[in-house]
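The opening residue of the sequence shown carries number 84 in the working numbering; numbering runs sequentially from there. All C-beta atoms in this analysis are idealised placements derived from N, C-alpha and C, irrespective of residue type, glycine included. Notes follow once the structure below has been shown.
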Amino acid sequence: MTTAIVQKSLKLLRRLALQVQIGNVKGKAPEFAFEPEEQEKLFGPYGEADGLYVWKLNDVVCSGLYGGAIINKFNQLYLRFVSFPWGKTLHPVSSFPYVGKNVAEIDKAIYLITPEALNNYYHWVVDLLPRLLVLQKYNLNDLKDRVIILHHNAKLYETNSLAMLGIDKDKVFRLKPFETVKVKDLVVADYHGLNKPFPSWKKEILEGLHTGEPVLPKKKIYLLRGKQAKRSLIGEERLVAMLENLGFTIVNPQGMTFEDQIRVLKNAEVVVALHGAALTNIIFCDPQTLIVELRSTYLPPEHYSSIAKTYNLRFETVSLSPKSLVQKKHIANKQSLILTEESINELMAKLSPVTNPLKGVSEN
């Protein structure tokens with residue numbers, strides 16, 4: 084469906100929802116408020132993240148629909164805290180005739196539902212966790228007393244990373260899309276920098292996740308893609324054999340704890356991987372680590388090149404042809420990629436300084 088058709092449909096639904104919205108405590112869809120009152124600012128702005136504030140809101144309703152939404156006691160939707168590709172004022176909380184049932188009332192909570200973080204390791208690490216770490220940086224005095232509201236369906240990496248921050252899974256409330264929860268005292272940090280170049284303030288705040296263990300001998304690692312439902316590497320078995328002969332350690336991130344993944348990347352001198360969530364962990368690499376991303380020749384996202392620039396990593400790419408060419412960008416990025424003789428030779432050339440360092444010396 085085109086953007087115009089979707090927007091027109093949502094506008095028609097909103098006209099209906101303004102008359103009757105099932106699940107809304109006021110019985111109809113909310114009006115809009117851009118942001119809370121000035122006196123409801125708790126902290127901020129945070130460091131170099133100009134415009135990132137922490138807010139303390141009373142008597143609100145939280146929704147789990149599409150990246151979350153917060154409605155105040157006057158039945159106003161805070162546009163500051165929503166993200167929606169077809170326009171904030173058309174967010175499902177304001178346009179759907181049904182917003183779900185209320186499932187709980189909580190005295191004190193932190194709202195962390197973040198757009199795109201559901202089932203997405205990259206957005207969990209670079210968008211959601213910084214919002215929580217900001218609260219820890221500000222030493223919110225009742226942080227441990229608050230329930231943390233998150234999206235439904237917990238992943239192992241979510242549980243692991245929260246445990247590293249001293250947050251027990253019993254303090255987490257999982258909110259499904261068509262559910263709402265009433266909160267008397269809510270703390271929420273702004274969404275900031277979603278889908279934008281990786282900012283230095285996130286680098287600074289994510290350094291709090293690093294383990295303090297001694298650095299092991301540096302290793303050259305390959306992050307195994309394996310048999311994934313999307314974006315597999317056709318010919319990976321051959322590449323693995325070649326890299327093992329060059330002294331690479333083959334690492335399978337699937338099933339590893341969050342802490343183990345940090346440790347492995349922290350102690351890497353070279354990282355080779357297919358474009359995918361596992362490359363998010365280059366944020367734990369030391370400066371000047373060599374990163375080689377295997378990615379599509381067609382519409383490759385720049386998530387990891389942006390991270391590499393902020394973290395002062397050496398970043399290289401090897402472009403691979405997709406199995407099939409798809410015009411839509413979000414679908415094109417899911418296509419499996421084909422490893423060819425030409426791409427292998429290109430990769431070996433880029434790895435030559437670290438796999439055969441004497442060659443570069445002899446050629447000078």
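query, result
"Cβ distance (whole Å) where residue 281 is taken to contact residue 393 below 8 Å", "5 Å"
"Cβ-based neighbour list, residue 340, same chain, cut-off 6 Å, excluding 5 preceding and 5 following", "243"
"Rounded separation between residue 406 and residue 324 - CA only", "22 Å"
"Beta-bridge pairing of residue 234 - partner residues as DSSP gives them", "258"
"Distance between beta carbons of residue 420 and residue 314, contact taken as under 8 Å", "7 Å"
"Cβ neighbour criterion (16 or more within 10 Å) applied to residue 321", "exposed"
"For residue 387, the first and last residue of its enclosing alpha helix (DSSP H)", "386–393"
"Minimum length 4: unbroken alpha helix (DSSP H) runs contained in the stretch 111–145", "none"
"Inter-residue Cα distance where the pair is residue 225 and residue 423", "56 Å"
"Start-to-end residues for the alpha helix (DSSP H) that takes in residue 219", "212–220"
"Spatial neighbours of residue 348 in its chain, beta-carbon cut-off 6 Å, leaving aside the 5 residues before and after", "364, 367, 368"
"Cβ contact (3+ pairs, closer than 8 Å) linking the stretch 288–307 and the stretch 176–190", "no"
"Spatial distance of residue 337 from residue 316 (CA atoms)", "16 Å"
"Euclidean distance between Cα positions of residue 444 and residue 129", "Caution applies to residue 444, whose pLDDT of 40 falls short of 50 and renders its modelled position unreliable; the value that the coordinates give is listed next. Their Cα atoms are separated by approximately 47 Å."
"Whole-angstrom C-beta distance between residue 218 and residue 137, which should lie under 8 Å", "6 Å"
"Buried/exposed call for residue 230, threshold 16 Cβ in 10 Å", "buried"
"Cα-Cα separation, residue 194 to residue 154", "12 Å"
"Residues that residue 184 bridges to, as DSSP identifies them", "262"
"Rounded straight-line distance, which links the Cα of residue 110 to that of residue 332", "59 Å"
"Simplified DSSP assignment, three categories, for residue 205", "helix"
"CB contact flag (residue 238, residue 202, <8 Å)", "yes"
"Alpha carbon of residue 246 to alpha carbon of residue 214, nearest angstrom", "16 Å"
"With 16 other Cβ atoms within 10 Å as the buried cut-off, status of residue 432", "exposed"
"Residues of its chain near residue 211, where Cβ-Cβ distance is below 7 Å and the 5 sequence neighbours each way are ignored", "195, 197, 200"
"Cβ-Cβ distance between residue 173 and residue 90 below 8 Å", "yes"
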